[in-house]
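Trainee: 97 is the number that this note's numbering gives to position 97 of the sequence shown; each next residue is one higher, with no gaps.
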Amino acid sequence: MKQSYFYSTSLLLAFFLWGAEQKVSAQTTPAVYPKMAGYMGILHPIVTFSSEGTTPNFRDAYVVGFPTGLNLWKNNKIGFSVEIVPQIRAEKGVSKMSNLLFHPGILLSLGKGFTFAGRAAFETSGRYGFTPVFNKAFKRNDHSNYFIAIPLPIRFGNDRPTSATIGFQFGISF
């Protein structure tokens with residue numbers, strides 16, 4: 001009796017697993033292009049370098065950005081992205097929106113979840129420039145992905161010296 005129960009349970013489990021495997025593989029469909037995806041995140045500039053010196057975030061003030069954008073993939077290798085980033089600055093107990101960044105660019109898939117974004121940058125502060133961004137999707141779901149990114153903004157203009165910043169971004173795409 002115990003042996004019969006073991007065999008019937010094993011057979012039922014094997015059938016269930018085979019059925020689940022068939023269902024998963026039957027639902028896998030190739031991506032259709034062009035394909036659009038939205039995303040949002042949180043951006044922390046870590047440190048900024050210029051001829052005026054090195055300015056770390058968190059020392060005298062705290063700046064945080066909230067990137068929100070749309071990616072339009074032409075195929076699985078190349079796409080276009082447009083991003084808007086409102087930035088908030090907190091200093092001496094006062095916080096305010098300090099800048100709005102318009103950030104269009106090109107996307108290049110590097111494989112294995114890595115993407116390079118080459119972005120132009122236009123800020124309401126009067127600064128402009130470009131931002132190379134290195135991005136990695138680290139958790140993929142059916143309808144969303146979590147990612148981390150390292151943006152490296154280079155900025156010019158508005159009677160200020162050229163600056164380069166290293167940042168850290170975390171976000172979700174859907």
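For every residue, glycine included, the Cβ atom is placed at its ideal position computed from N, Cα and C.
Given Gly157, which residues of its chain have a CB within under 7 Å of its CB, disregarding the five upstream and five downstream residues?
Mentor: As a position in the sequence shown, residue 157 is number 157, starting the count at 1. Same-chain partners within the cutoff: Gly126, Arg127, Tyr128.
Trainee: How long is the line joining the alpha carbons of Lys77 and Ser173, rounded to whole angstroms?
Mentor: One-based indexing of the sequence shown puts residue 77 at position 77. One-based indexing of the sequence shown puts residue 173 at position 173. Roughly 17 Å between the two C-alpha positions.
Trainee: Kindly indicate the opening and closing residues of the beta strand (DSSP E) around Arg119.
Mentor: By one-based count along the sequence shown, residue 119 stands at place 119. Its beta strand (DSSP E) spans residues 114 to 123.
Trainee: According to DSSP, is His44 part of a helix, a strand, or is it coil?
Mentor: Stepping through the sequence shown from its first residue, residue 44 is reached at position 44. Note: His44 maps to strand in three-state DSSP.
Trainee: Name the one or two DSSP bridge partners that Thr131 has.
Mentor: The residue labelled residue 131 in the question sits at position 131 within the sequence shown. Looking at the DSSP assignment, Thr131 forms a beta bridge with Arg119.
Trainee: In or out: Tyr39 buried (at least 16 other Cβ within 10 Å) or exposed?
Mentor: Taking the sequence shown and counting its residues from 1, one reaches residue 39 at position 39. Buried, by the Cβ-count rule.
Trainee: When the Cα atoms are used, what is the spatial distance from Phe98 to Ala121?
Mentor: On the sequence shown, residue 98 is found 98 positions in, with the first residue counted as 1. On the sequence shown, residue 121 is found 121 positions in, with the first residue counted as 1. Looking at the sequence provided, one finds Ser at residue 98 rather than Phe. Looking at the two C-alpha atoms, the distance is approximately 16 Å.
Trainee: So, with DSSP's three-state summary, where would you put Ser4?
Mentor: Your numbering for residue 4 matches position 4 in the sequence shown. Any reading at Ser4 needs caution, since the residue's pLDDT is 46, under 50, leaving its predicted position unreliable; the model's value is listed next. Ser4 falls in the helix class under three-state DSSP.
Trainee: Quick one, are the C-beta atoms of Gly41 and Phe58 less than 9 Å apart?
Mentor: Along the sequence shown, one-based indexing puts residue 41 at 41. Along the sequence shown, one-based indexing puts residue 58 at 58. No, they are not a contact pair.
Trainee: Please classify Ala164 as buried or exposed, where buried requires at least 16 neighbouring CB atoms within 10 angstroms.
Mentor: Residue 164 sits at position 164 when you count from the first residue of the sequence shown. Exposed: under 16 other Cβ atoms inside 10 Å.
Trainee: In this structure, how does DSSP classify Pro153 when only helix, strand and coil are distinguished?
Mentor: Position 153 of the sequence shown, counted from the start, is the residue given in the question as residue 153. In this structure, Pro153 counts as coil in the three-state DSSP scheme.
Trainee: For Leu152 and Leu101, I'd like the C-alpha separation in whole angstroms.
Mentor: The count along the sequence shown starts at 1 and reaches residue 152 at position 152. The count along the sequence shown starts at 1 and reaches residue 101 at position 101. Whole-angstrom Cα-Cα distance: 14 Å.
Trainee: Check whether the stretch 67 to 76 touches the stretch 89 to 98, taking contact to mean three or more Cβ pairs, one atom from each stretch, closer than 8 Å.
Mentor: At 8 Å Cβ cutoff, the stretches do not touch.
Trainee: Quick check on Leu110: buried or exposed, where buried means 16 or more other Cβ atoms within 10 Å of its Cβ?
Mentor: Position 110 of the sequence shown, counted from the first residue, corresponds to residue 110. That one is exposed.
Trainee: Please report the straight-line C-alpha distance between Ala61 and Ser50, rounded to a whole angstrom.
Mentor: Translated into positions along the sequence shown, residue 61 becomes position 61. Translated into positions along the sequence shown, residue 50 becomes position 50. Cα to Cα, the separation comes out at about 17 Å.
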